[in-house]
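Residue numbers (this note's numbering): 4 to 324.
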């Protein structure tokens, strides 16, 4: 494969990394504090939770679905972990297991609703988001509670200059990259996302694949919530409110097609950092968070329009050929 063929095959991923480089240059010019080690460390910490949640969101989007409840799972996880967490290691482990179990249960609920009851993913996960948010608010009506320092050190400790959580993020990314590229399940995910009817005729269990992806999405949202709790040290039923939208934006920006069946994990790293760096730059510039929400929405809209036009052009070329 020559350079031209490589660029054509990986153009979407290359564009994302070029955008990341441009954002870094803009940040350097925007503020002399941008490349300060403390600021870069803060951006990496922000990106870690979002990056983990985005990997789970990717699994559902590859099917052509969407999970609006991911942010609610993040929120309820923080409330569970901050609710009278025992200082003993056993209490810590029990609460983590409960949080992961809740995430898996939410994913199973979504998956069964979408796969077996044929409820559209948007409606199913929107309803789940409302339910889970209600549970989170019941547990922690106002921000509060606390977690042991041992728990905070668990993921915020450092191995050299890299936090344990970043290592966890990298390990999860490698596992899911291999899962998608090297396993029968990964091929099934792309097949179902490309055309579920054809996948079913090929002997692939569309229902099992759909349920599995939703479980993975909610489980990783719980993992992201666990890290976020260790970082802030308290519980907040609204802490994950923007993670659903942000994780979808990261996936779209990272080249994951909202129509399913196309994309990989490589572009997610750059897309995650792009979103977090842009927020960091806007915060330094004193831009209101309200306008930042508008900005994120425009990023998603423009990116989807670009990829949709590209897909349409590709189909027209194929029809002419």
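Virtual Cβ for every residue (Gly too), placed ideally from N, Cα, C.
Beyond the five residues adjoining it in sequence on each side, residue 77 comes within less than 7 Å, by CB distance, of 56, 224, 227, 228, 231, 242, 243, 246 in the same chain, given in chain order. Non-local C-beta neighbours of residue 75 in its own chain, meaning closer than 6 Å and more than five positions away in sequence, comprise 132, 135, 136, ordered along the chain. Closest option to residue 79, judged by alpha-carbon separation, among 64, 100, 60, 105: 105. Within the same chain, and ignoring the five residues on either side of residue 256 in sequence, the residues whose Cβ sits closer than 6 Å to its Cβ are 274, 306.
In this structure, the beta-carbon distance from residue 54 to residue 172 falls below 8 Å.
Between residue 221 and residue 107, the C-beta spacing is below 8 Å.
With respect to the 8 Å criterion, residue 236 and residue 292 are not classified as neighbours on the basis of their beta carbons.
Take the alpha-carbon of residue 234 and the one of residue 28: they are about 28 Å apart. Residue environment analysis places residue 153 among the exposed positions, since fewer than 16 neighbouring C-beta atoms fall within 10 angstroms of its C-beta. Here residue 257 carries a coil assignment [DSSP, helix/strand/coil].
For residue 178, the secondary structure class from DSSP, reduced to helix, strand or coil, is helix.
If the five residues before and after residue 260 are omitted, its C-beta is found closer than 7 Å to the C-beta atoms of 266, 310, all from its own chain and listed in chain order.
The Cβ atoms of residue 250 and residue 60 sit closer than 8 Å to each other. Out of 284, 308, 117, the CA that lies nearest to the CA of residue 32 is found in 284. DSSP, reduced to helix, strand and coil, places residue 37 outside both helices and strands of the structure shown, so it counts as coil. Residue state for residue 22 is assigned as helix, using DSSP reduced to three classes. Taking every protein chain shown into account, the CB of residue 215 has 16 or more other CB atoms within 10 angstroms, so this residue is buried. The C-beta distance from residue 219 to residue 110 rounds to 7 Å, short enough to fall under 8 Å. When DSSP states are grouped into helix, strand and coil, residue 145 belongs to the coil group. Around the beta-carbon of residue 36, fewer than 16 other beta-carbon atoms lie within 10 Å, marking it exposed. The DSSP-derived three-state label of residue 265 is coil.
Between the beta-carbon of residue 98 and that of residue 72 there is about 21 Å, and that puts the pair past the 8 Å contact cut. Secondary structure at residue 166: strand, using DSSP grouped into helix, strand and coil. For residue 199, the closest C-alpha among the options 24, 160, 118 is that of 118.
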